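Following our numbering, the numbering of the sequence shown begins with 529 at its first residue and continues without gaps.
For reference, the structure is listed below as structure tokens.
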Amino acid sequence: MNYQDMMHTETSSGIHAGAPLPDSARRVAGLLAALGHERPVVMLPGTGKTSAEAAAGLGCDIAQIAKSIVFRRLSDDAPVMVVASGANRVDETKVAAIVGALGRADAKFVKQRIGYAIGGVCPIGHLEKTVMLLDEDLFRLDSLWAAAGHPHAVFKLTPRELQAMTGAPVADVALREAA
């Protein structure tokens, strides 16, 4: 069994190998290895479906959670993914101004077009070409945690690594409070 097949559990003393990863997380681990990313996929003891749950499970700031929000572009039905800081809400008006009018992407659309279930949507390894944007606020941080294809699976990376892996442009996509 190689590193990609093993579950890694984050503990206070470090990362320990254990039972096999779920198939979707193993697929992400393989993609990460192919990209030369050396940090393992980590299985959270609890769910990481929300940014708050993932941050609590990792013991990190909610801003360090790189959440993947999927929309449906109305003009051509293309999937649009915004990878945003867990501390931010995505401003759909800003995103639409960049990529075109948006609609909601339901769980079926996300699974069929992106390839992951909601709560475990990874920013890489999509089933089809995805229009992507990265939240500029991610680049204020030294490290991030992103979903690794399963609601309990995450991996650590830097904002620059995220940009290199996705090729996505950086944009102001956060909803800001009126002054």
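Every residue, glycine too, gets a C-beta built ideally from N, C-alpha and C.
These numbers come from a predicted model, not from an experiment.
Buried versus exposed, by CB contacts within 10 Å (16 or more), residue i
{"i": "Arg555", "result": "buried"}
{"i": "Leu602", "result": "exposed"}
{"i": "Glu705", "result": "exposed"}
{"i": "Leu655", "result": "exposed"}
{"i": "Gly564", "result": "exposed"}
{"i": "Pro687", "result": "buried"}
Cβ shell of residue i (< 7 Å), same chain only, five flanking positions each side left out
{"i": "Ala615", "result": "Ile590, Ala591"}
{"i": "Gly738", "result": "Residue numbering for the chain in the displayed model covers 529 to 707; residue 738 lies beyond these limits and cannot be assessed."}
{"i": "Phe637", "result": "Arg600"}
Beta-carbon proximity list for residue i, same chain, < 8 Å, skipping 5 on both sides
{"i": "Arg567", "result": "Leu560, Phe683, Lys684, Leu685"}
{"i": "Asp665", "result": "Ala591, Ala612, Ser613, Ala615, Asn616, Ala702"}
Beta carbon of residue i nearer than 7 Å to that of residue j
{"i": "Asp663", "j": "Val701", "result": "yes"}
{"i": "Arg641", "j": "Pro607", "result": "yes"}
{"i": "Ser579", "j": "Pro651", "result": "no"}
{"i": "Gly631", "j": "Arg668", "result": "no"}
{"i": "Ile646", "j": "Ala629", "result": "no"}
{"i": "Val610", "j": "Leu661", "result": "yes"}
Beta-bridge partners of residue i, as assigned by DSSP
{"i": "Leu672", "result": "Leu685"}
{"i": "Phe599", "result": "Val608, Arg632"}
{"i": "Asp663", "result": "Ala699"}
{"i": "Ala594", "result": "Ser613, Ala674"}
{"i": "Val618", "result": "Ala702"}
Chain-order list of residues whose beta-carbon lies under 6 Å from that of residue i (same chain, five-residue window excluded)
{"i": "Ala562", "result": "none"}
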